[in-house]
Amino acid sequence: MSTVLDHRGAATTAGADELPLRFVTAASLFDGHDAAINVMRRLIQDAGAEV
Numbered sequence: 001m002s003t004v005l006d007h008r009g010a011a012t013t014a015g016a017d018e019l020p021l022r023f024v025t026a027a028s029l030f031d032g033h034d035a036a037i038n039v040m041r042r043l044i045q046d047a048g049a050e051v
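Anchor point for the sequence shown: position 34 equals 34 in the numbering used here, and the numbering is continuous, going up by one each time.
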């Protein structure tokens, strides 16, 4: 279980019936954007989301 904020800012508890957040990021192309993609991916993963 985890505590999340809903769209109004009130804390709610995520239940087992709720789907986890999943983010899909673009593949790194080694053109400068790959660093930004990796930073965002790591930040999102540190927050507990599946990336």
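Using N, Cα and C, we set each Cβ at its ideal position, and we do this for glycine too.
- Take residue 20, set aside five residues on each side of it, and the residues of its chain with a beta-carbon closer than 8 Å to its own are 49, 50, in chain order.
- Residues of the same chain with a CB within less than 7 Å of the CB of residue 23, apart from the 5 flanking positions on each side, are 44, 49, 51 in chain order.
- Going by DSSP, residue 43 is part of the alpha helix (DSSP H) stretching over 33-46.
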